[in-house]
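In our numbering, each residue carries its 1-based index in the sequence shown increased by 9.
From the three backbone atoms N, C-alpha and C, an ideal C-beta is built for every residue, glycine too.
Structure first, then comments.
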Amino acid sequence: MNEQHNPWFDTTVQQLNDPQNQRVWSVIVSLFGDLAQDKGARISGSALTRIITPMGIKPEAIRVALHRLRKDGWIESARAGRASVHYLTEYGRNQSAAVTPRIYERRAAAPGAWHLLIAEDGAGQATLDDVLLLSNYVAVNRTTALGHGPMPRNLDDLLAAGVNSMRVPGWLKARLFPEHLQDACATLQRDLQQIAAPPAGLTPAQTGTLRTLIVHRWRRVVLRHPDLPPSFHPEDWSGETCRALVFQLLDRLPRPELSTLDTQAD
10 MNEQHNPWFD TTVQQLNDPQ NQRVWSVIVS LFGDLAQDKG ARISGSALTR IITPMGIKPE
70 AIRVALHRLR KDGWIESARA GRASVHYLTE YGRNQSAAVT PRIYERRAAA PGAWHLLIAE
130 DGAGQATLDD VLLLSNYVAV NRTTALGHGP MPRNLDDLLA AGVNSMRVPG WLKARLFPEH
190 LQDACATLQR DLQQIAAPPA GLTPAQTGTL RTLIVHRWRR VVLRHPDLPP SFHPEDWSGE
250 TCRALVFQLL DRLPRPELST LDTQAD
């Protein structure tokens, strides 16, 4: 039996489907990160199909994406009777856990302590490049990084200076929040604003579909810019309005128990 027909669900899925070419493996990563990140959490193959196919993704594409994720060490699969189940590996759980705070943070970052690191052109550049891999650093230019939090130690080849007050110029705001990112955020905001309140009677799988789409769209915005306070945002940045709309809708679509996803026949 197919999922019960729900016009609101069908319309909302169309509204939330990523306007860019979505990668199926990335959608699956978003799904597991939201619904099954805990150790021991498993999703059956039939439940995975039931959640993802309403997005217009074919079962064959799901199988190919799962194969890639197994090859990359993200997901393991096993047999449970005649069915298959899938779950995050330790590596997959760690990768998901690393970005979960950014994705589900309900307020913009508000760090207070800032410092500047400057490398000599050539010498010290490798050290600065390593520092920039950390999430609390922003590249100002090729030899300068701005960070928040405690001043790092053992960086003798870099000039380090605390920053007591700061004015963020427009050129740096534009670099940190480029036009394509602003457009993606504004598009998501418009899509979310057009969605009416969810009706009663959504199935667990339908709720899983919608949560996956919301988290996937938001993840593609929030993880593509540094976690910075409003003083760094361009004047027309809609990220915080978008953030509020994301959690307003997620709150109305409580995360379903994994066991309920298999209570419906195909």
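### Query
Residues bridged to S93 by DSSP?
DSSP lists R88 as partners of S93.
### Query
Less than 8 Å separating the beta-carbons of A45 and L267?
Yes.
### Same chain only: Cβ atoms within 8 Å of N26, ignoring 5 sequence neighbours per side
The residues are M64, G65, L222.
### Task
Could you check if R252 is buried or exposed, using at least 16 other CB atoms within 10 Å of its CB as the buried criterion?
Label assigned to R252: buried.
### Task
Give the secondary structure of D275 by DSSP, where H, G and I count as helix, E and B as strand, and everything else as coil.
Any reading at D275 must be qualified, since the residue scores a pLDDT of 39, below 50, and its modelled position is unreliable; the value itself is stated next. The answer is coil: DSSP assigns D275 none of H, G, I, E or B.
### Query
In whole angstroms, what is the alpha-carbon distance linking S39 and Q31?
Going by the C-alpha atoms only, they are around 12 Å apart.
### Task
Measure the Cβ-Cβ separation of R228 and I112 and say whether it is below 8 Å.
Taking 8 Å as the Cβ cut-off, R228 and I112 qualify as a contacting pair.
### Message
Relative to the C-alpha of W83, which candidate in T58, E114, G42, T62 has its C-alpha closest?
### Response
Between W83 and the set T58, E114, G42, T62, the nearest pair of CA atoms involves G42.
### beta strand (DSSP E) segment containing V172, residue limits
DSSP places V172 in the uninterrupted beta strand (DSSP E) bounded by 167–172.
### Query
Out of curiosity, what's the CA-to-CA distance linking H242 and R91?
Cα-Cα distance, rounded: 52 Å.
### Query
How many angstroms separate the CA atom of D260 from the CA atom of G101?
Between D260 and G101, the C-alpha separation is close to 25 Å.
### Message
Short of 6 Å in beta carbon distance, which residues of its chain neighbour H225, apart from the five on each side in sequence? Order them along the chain.
### Response
Within the same chain, H225 has close Cβ partners V36, S39.
### Query
Relative to the C-alpha of K182, which residue among D245, D81, V255 is closest?
Of the candidates D245, D81, V255, the one whose C-alpha sits nearest the C-alpha of K182 is D245.
### Task
With DSSP collapsed to three states, give me the class of G158.
Three-state result, G158: coil.
### Query
What span of residues does the alpha helix (DSSP H) with A107 cover, start to end?
Per DSSP, the continuous alpha helix (DSSP H) segment holding A107 begins and ends at 99–113.
### Query
Just curious, the beta strand (DSSP E) that W123 is in, first and last residue?
Element bounds for W123: 123–128.
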